[in-house]
Amino acid sequence: MEREKIHWRDVLKRNVSVIHYLSKNNYAFRGQSDVLFTKNNGNFLGAIEMLSNFDPVIIEHVRRIKNTETHVHYLGHEIQNEFINLMSNIIRNKIINYIKEAKYYTVIMDCTPDISHNEQLSLMIYVVNMYDGQVKCPDIKEYFLDFIPVSSTTGLSLANILLDNLKKYGINIKDCRGQTYDNGSNIVGKYQGVQTRINNLNPRAFFTPCASHNLNLVLRDSVKNSVQASTFFGTIQRFYTIFAASTSRWDILQKHCEFSTVKKWSETRWESRVNSVKALRYQLKI
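Numbered according to UniProt numbering, the sequence shown spans residues 1 to 286.
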């Protein structure tokens with residue numbers, strides 16, 4: 001019985017090590033198959049297969065699985081997710097302790113739809129860590145706390161979600177000294193926006209709008225008011241549209257743009273246009 005306990009403990013240690021490595025490096029876990037020694041069964045099972053070539057514990061574990069001596073193998077996606085959640089809770093608790101030690105913080109919040117068309121709210125915290133052990137070393141840190149699915153993006157709903165999550169993590173809203181969001185009306189609204197609702201609870205939570213978002217809006221609207229600028233950027237974007245639609249056309253463009261090429265623009269990042277302009281300006285002989 002004791003030997004069995006040691007065996008399973010050692011198996012779980014190796015599973016946790018593989019999960020930790022894949023998570024730390026942001027690698028995908030699962031493939032097209034959840035069965036050992038099959039094609040495209042993912043990075044997790046692939047790592048277990050690699051360990052089975054030389055690690056005695058995994059060699060024995062895989063032998064039992066192959067000989068159907070055990071139906072409990074702790075290699076499925078459910079146990080993977082369970083360990084990932086346990087690790088994330090440990091990391092989050094450490095982050096929360098750092099935030100509480102720093103006391104004062106700035107909250108960063110934004111929403112975006114994911115690939116499954118669900119609205120996800122990202123919650124981050126800025127703090128100034130004053131001490132590193134015994135050495136005084138002020139350092140600004142940005143910590144990610146959570147992705148939160150939201151069904152409503154009104155100012156009231158987002159403010160309540162923010163307050164509920166800060167309360168859940170034991171972070172006092174009265175210690176908030178800054179808010180930074182995008183410039184949507186549900187956020188910056190003078191009467192119903194998130195920043196106003198937080199300021200009503202804590203007047204010291206100073207709101208700073210996203211400067212990059214403001215600059216992007218200014219540049220975008222400025223271009224729209226200039227026929228020459230609109231024509232210029234429209235022509236460059238047409239380069240991408242025309243050449244990207246055909247592999248043969250793209251090969252022709254690559255022959256003339258060896259070092260960089262035009263790219264698809266981001267509507268929310270004006271600087272994405274810079275590389276496309278450079279590619280044509282410095283490489284094409286027009």
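For glycine and all other residues, C-beta sits at the position ideal for the given N, C-alpha and C.
**Study point:** C-beta contact flag for Y240 and K278 at 8 Å
**Key:** Not closer than 8 Å, so no.
Exercise for review: Just tell me which of C111, L145, L121 has its CA closest to the CA of V127.
Suggested key: Of the listed residues, the one whose Cα sits closest to V127 is L145.
Practice item. Could you check if T38 is buried or exposed, using at least 16 other CB atoms within 10 Å of its CB as the buried criterion? Key: Under a 10 Å Cβ-count criterion, T38 is classified as exposed, with fewer than 16 other Cβ atoms of the shown protein chains found around its own Cβ.
Exercise for review: Answer with buried or exposed for Y282, where buried requires no fewer than 16 other C-beta atoms within 10 angstroms of its C-beta.
Suggested key: Under this definition Y282 is an exposed residue.
Review point. Three or more beta-carbon pairs under 8 Å between the segment 61-77 and the segment 90-110, yes or no?
Key: Remark: fewer than three beta-carbon pairs, one from each stretch, lie closer than 8 Å, so the segment 61-77 and the segment 90-110 are not flagged as touching.
Practice item. Would you mind working out which of P203, T153, N225 sits nearest C176, comparing C-alpha positions? Key: Among P203, T153, N225, the Cα nearest to that of C176 belongs to P203.
Check your understanding: What does E119 pair with, by DSSP beta-bridge criteria?
Key -> Answer by DSSP bridge pairing, in chain order: P113.
Check your understanding: Where does G178 fall in DSSP's three states?
Key -> In this structure, G178 counts as strand in the three-state DSSP scheme.
Point to revise | Spatial neighbours of F233 in its chain, beta-carbon cut-off 8 Å, leaving aside the 5 residues before and after | key: Within the same chain, F233 has close Cβ partners V223, R273.
Exercise for review: Answer yes if the segment 109-118 comes into contact with the segment 146-163, meaning at least three C-beta pairs across the two stretches below 8 Å, and no otherwise.
Suggested key: Output reads yes: the segment 109-118 touches the segment 146-163.
Practice item. Identify, in the order they occur along the chain, each residue of the same chain with its Cβ nearer than 8 Å to the Cβ of T112, setting aside the five sequence neighbours on each side. Key: If we look at T112 and ignore the five residues flanking it on each side, its Cβ neighbours are E119, Q120, S122.
Exercise for review: Starting from the Cα of S157, find the closest Cα among Y104, G193, I125, P138 and give me that residue.
Suggested key: Taking S157 as reference, the option from Y104, G193, I125, P138 with the minimal CA-CA separation is G193.
Review point. CB T180 to CB C210, shorter than 8 Å?
Key: Cβ distance < 8 Å, so T180 and C210 count as in contact.
Exercise for review: Give the C-beta separation of H213 and N183 to the nearest angstrom, bearing in mind that I take them to be a contact with Cβ-Cβ under 8 Å.
Suggested key: Rounded, the Cβ-Cβ distance is 5 Å, consistent with contact.
**Study point:** S17 classed as buried or exposed, judged by whether at least 16 other C-beta atoms fall within 10 angstroms
**Key:** S17 should be labelled exposed.
Check your understanding: Taking just the CA atoms, how far does G170 sit from G189?
Key -> Straight through space, the alpha carbons of G170 and G189 are spaced by roughly 27 Å.
Point to revise | Residues bridged to R269 [DSSP beta-bridge criterion] | key: Paired residue(s): S266.
Check your understanding: Is the Cβ of E78 closer than 8 Å to any Cβ of chain C?
Key -> Looking for chain C here will not work: only one protein chain is present.
Check your understanding: Going by the CB atoms, is the gap between V57 and H20 shorter than 8 Å?
Key -> If you check the CB distance, H20 and V57 do not come in under 8 Å.
Point to revise | Cut-off 8 Å between Cβ atoms - residues of its own chain near I236, not counting five sequence neighbours on either side | key: Same-chain partners within the cutoff: V262, R273, S276, V277, L280.
**Study point:** Distance CB(L45)-CB(I65) smaller than 8 Å
**Key:** Between L45 and I65, the C-beta gap is not smaller than 8 Å, which leaves the two residues out of contact.
Practice item. Only counting runs of 4 or more residues, tell me where the alpha helix (DSSP H) segments fall wholly within the segment 179-247, in order along the chain. Key: DSSP assignment within the segment 179-247 yields the following whole alpha helix (DSSP H) runs of 4 residues or more, N-terminal first: 185-188, 194-201, 211-224, 227-244.
Review point. Between D110 and L217, what straight-line distance do the alpha-carbon atoms span, to the nearest angstrom?
Key: Whole-angstrom Cα-Cα distance: 17 Å.
Review point. At what residues does the alpha helix (DSSP H) containing I55 begin and finish?
Key: Checking the displayed sequence, the identity of residue 55 turns out to be Asp instead of Ile. From DSSP, D55 is part of no alpha helix (DSSP H); its letter is neither H nor E.
Practice item. To the nearest angstrom, report how far apart F243 and W250 are at their CA atoms. Key: So the alpha carbons of these two residues sit roughly 5 Å apart.
Point to revise | Straight-line gap, E49 to Y27 (C-alpha atoms, nearest Å) | key: Rounded to whole angstroms, E49 to Y27 spans 17 Å at the Cα level.
Point to revise | Nearest residue (CA-CA) to N200, options D221, L219, K174 | key: For N200, the nearest C-alpha among the options comes from K174.
**Study point:** Of the listed residues W270, E82, R3, T70, nearest to S23 (C-alpha basis)
**Key:** That would be E82, whose Cα lies nearest to the Cα of S23.
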